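Student:
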Amino acid sequence: MFRNQYDHDVSIWSPQGRLYQIEYAMEAVKQGAATVALKSKTHVVLCALKRAPSELSAHQKKIMFIDDHIGVSIAGLASDARILCRFMRTECINHQYGFDKPMPVTRLMDHVSNKCQVPTQRYGRRPFGVGFLMAGYDEKGTHLYQLCPSANYYSCKSMAIGARSQSARTYLEKNLDKFADSNQDELIKHCMRALRDTLPNEVELTVKNCAVAVVGKDTPFAILNDVRVDTYLKAIEGDERAPQAQDDTLVTGEDDLPPPPPGGAGGTVDPRVVVATEPSQIPQELRVKLMQHFGIAKEYEKNPETISITYYCLMYIANEAFKLQKEKQFVSNVLDYLESTKRNNPHDEIIKSMATGQATIEELITVLVGETNEAEDEEVRSAEQLRLLMRKHYTVGGLTDVLSVFGPVKDDFATLGKIAKSRAVAIFRELKSGGGAAASGGAGSSGMKPPEHDTSARASSPSKPPAATAAPQPQMPQVPSYYDQSGSHKSVPFDTISQAQKLCRYANSALEHEDVATAIKNCEEVIRLLRPYNN
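Sequential numbering of the sequence shown, starting at 7, is according to our numbering.
#1: Measuring only the C-alpha atoms, how far is residue 28 from residue 34?
#2: Take residue 242 and list the residues in its own chain whose beta-carbon comes closer than 7 Å to its own, dropping the five residues that flank it on each side.
#3: Output the distance between the C-alpha atoms of residue 182 and residue 85, rounded to the nearest integer angstrom.
#4: Mind checking residue 544: buried by the 16 CB within 10 Å criterion, or exposed?
#5: Given a threshold of 16 other Cβ atoms within 10 Å of its Cβ, counted over all protein chains shown, does residue 526 qualify as buried or as exposed?
#6: For residue 62, count neighbouring C-beta atoms within 10 Å of its own C-beta (all shown protein chains included) and say buried if the count is 16 or more, exposed if not.
#7: For residue 226, which option in 129, 144, 375 has the closest C-alpha, if you only look at C-alpha atoms?
#8: Report the rounded CA-to-CA distance for residue 409 versus residue 246, giving the unit in angstroms.
#9: Residue 42 and residue 166 - do their beta-carbons sit closer together than 8 Å?
#10: Could you please give the first and the last residue of the uninterrupted alpha helix (DSSP H) stretch that includes residue 406?
#11: Tell me the DSSP secondary structure of residue 219 in three-state form.
#12: So, helix, strand or coil for residue 146, using DSSP?
#13: Pull up the distance between the alpha-carbon of residue 279 and that of residue 365, whole angstroms please.
#14: Would you identify the three-state DSSP class for residue 40, choosing helix, strand or coil?
#15: Quickly, what does DSSP pair residue 159 with across the bridge? List them, please.
#16: Mind checking residue 524: buried by the 16 CB within 10 Å criterion, or exposed?
#17: According to DSSP, simplified to helix, strand and coil, what is residue 538?
#18: Have a look at residue 214 and residue 231 and give me their C-alpha separation to the nearest angstrom.
#19: Compute the beta-carbon to beta-carbon distance between residue 47 and residue 187, rounded to the nearest angstrom, for a pair I have assumed lies under 8 Å.
#20: Go ahead and pull the three-state DSSP assignment for residue 327.
#21: Here's the rule: buried if 16 or more other CB atoms are within 10 angstroms of the residue's CB, otherwise exposed. What is residue 168?
#22: Quick one: any contact between the region 137-155 and the region 110-124, if contact means 3 or more CB pairs under 8 Å?
#23: Output the distance between the C-alpha atoms of residue 16 and residue 24, rounded to the nearest integer angstrom.
#24: Report all residues from its chain with a CB closer than 6 Å to the CB of residue 142; omit the five preceding and five following residues, and keep chain order.
#25: What does residue 50 pair with, by DSSP beta-bridge criteria?
#26: Do residue 137 and residue 155 count as a contact pair if the criterion is CB distance below 8 Å?
#27: For residue 102, does the count of other Cβ atoms within 10 angstroms reach 16, so buried, or fall short, so exposed?
#28: Could you check where the alpha helix (DSSP H) with residue 171 kicks off and where it finishes?
#29: How would you write the range of the beta strand (DSSP E) that residue 166 sits in, first residue to last?
#30: In the DSSP assignment, find the alpha helix (DSSP H) that holds residue 93 and state where it starts and stops.
#31: For residue 226, which of helix, strand or coil comes out of DSSP?
#32: What number of angstroms, rounded off, separates the C-alpha of residue 68 from the C-alpha of residue 512?
#33: For the alpha helix (DSSP H) containing residue 115, list its first residue and its last residue.
#34: Which residues in the same chain as residue 205 place their Cβ atom closer than 7 Å to its Cβ, once the five residues preceding and following it in sequence are excluded?
#35: Among all the DSSP beta bridges, which residues are the ones paired with residue 79?
#36: Given a cut-off of 8 Å on the beta-carbon distance, is the pair residue 419 and residue 401 in contact?
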């Protein structure tokens with residue numbers, strides 16, 4: 007494009023009926039780093055290529071969080087994108103505050119496209135030089151939209167924008183029929199393969215230049231960390247080298263992990279769980295990922311006082327299996343077990359109340375972390391003690407996964423889960439290499455510290471080192487007092503706590519955007535909600 011007498015302002019038409027300023031803005035999107043998005047019936051995935059101006063600078067952020075159910079990836083001017091993202095976040099906060107429910111994805115797209123349309127018509131302002139791929143999930147299902155600088159937007163099944171994006175669109179067109187029924191892992195790998203096609207031959211897709219985000223049913227919008235991105239990159243390489251390999255084995259990165267804990271000391275297992283967890287009944291796609299959680303469920307089922315842990319472990323398993331959309335018999339078996347457990351334990355407050363269940367599992371994780379920290383402090387450990395320690399680490403990692411059935415996992419517990427899994431793998435490799443007695447790296451090497459608010463619970467539940475010849479006996483911790491239904495104080499309903507937490511997040515988001523008035527309103531609403539329960 008070359009400058010001419012019709013392009014010095016956006017309000018001037020050329021004789022051919024063209025608005026050159028808008029076309030220039032569209033060209034800015036074509037020159038931006040590529041980004042790809044695609045959706046299935048349950049999830050939407052965004053994948054963006056990050057650029058760095060030089061080797062001395064960090065890579066630019068290309069995927070941005072809007073709300074718990076919406077996110078965007080950009081191509082074009084990042085400064086323009088920040089303005090529009092701030093506008094969208096404010097719209098979501100105002101809608102949530104006014105209507106007490108998340109903003110529909112289509113309505114948000116209408117609002118932001120109207121904002122983009124204004125500078126395409128008024129004199130003295132240039133169009134926004136950025137293109138968006140918006141991913142979202144609401145009560146109507148998954149949504150994927152493309153927004154152009156011209157203020158036009160389109161609903162898409164898959165799309166790629168940015169430099170060299172035609173190669174990605176070709177890949178998406180060839181595989182379009184596969185996306186609708188794909189699970190989350192398959193979608194992410196398809197998206198990364200499409201993005202890789204936009205790169206020159208001498209450039210590889212790496213953790214540094216690739217960003218991935220996902221949102222969907224029971225999955226709040228989240229940008230994957232470098233560890234998970236690297237896992238998917240290795241999975242893609244593994245698929246190409248050995249097409250017959252199991253996808254989920256590669257994706258989970260647990261192909262070298264030890265087998266799950268046995269059901270009992272004598273090798274026998276209570277038949278109640280076997281119906282749904284016999285290896286032949288477990289979906290092949292989930293066998294590696296979920297065997298650890300089955301082991302935890304069986305272990306805690308032995309004690310009637312800890313049956314609720316089994317209940318929530320199998321609830322997590324059912325959620326994961328349901329995402330496949332094809333293992334109906336397996337899901338039905340697990341749901342039947344959950345229903346019978348609930349029927350047989352009508353007075354179990356942990357099963358009846360999700361809030362109590364979450365608090366109980368968090369407390370159990372804290373107790374187990376305290377026990378593993380004490381075991382890590384021992385200078386010399388036998389092979390049997392290492393196996394017991396490894397099993398406790400795996401239990402902590404599995405229970406942090408189970409916390410996702412209650413909503414987004416808190417950052418401190420997510421960190422504990424990652425550390426526990428890595429320590430379990432390290433101990434397993436040590437045992438596999440033939441190490442009998444091992445010198446401990448100390449608690450500092452594992453880096454596991456219970457959340458601060460649970461330290462009193464740890465102090466009240468001193469750990470007992472397990473015997474070298476016996477498996478650790480699961481113990482149900484006491485429910486924290488702030489969920490106690492029998493105390494003299496007035497307990498706070500779970501719905502009220504959830505609403506207060508949401509309002510606090512909105513206030514924090516408003517402060518990040520220097521919207522003090524909105525932050526004050528949200529804080530006042532939190533005080534109004536909680537004041538009746540203040541003794």
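Cβ coordinates follow ideal geometry from the N, Cα and C atoms, glycine included. Please read these numbers as outputs of a predicted model, since none were measured by experiment.
Tutor: Taking the geometry as given:
#1: 10 Å
#2: 195, 198, 199
#3: 33 Å
#4: The structure shown has nothing for residue 544, since the chain only spans 7 to 541.
#5: exposed
#6: exposed
#7: 144
#8: 34 Å
#9: yes
#10: 389-408
#11: strand
#12: coil
#13: Its pLDDT being 46, under 50, residue 279 is placed unreliably in this model, and the value from its coordinates should be taken loosely. Roughly 24 Å between the two C-alpha positions.
#14: coil
#15: 153
#16: buried
#17: helix
#18: 11 Å
#19: 7 Å
#20: helix
#21: buried
#22: yes
#23: 10 Å
#24: 75, 76, 111, 149
#25: 45, 221
#26: yes
#27: buried
#28: 171-180
#29: 164-167
#30: 84-105
#31: strand
#32: 23 Å
#33: 111-123
#34: 211
#35: 69, 139
#36: no
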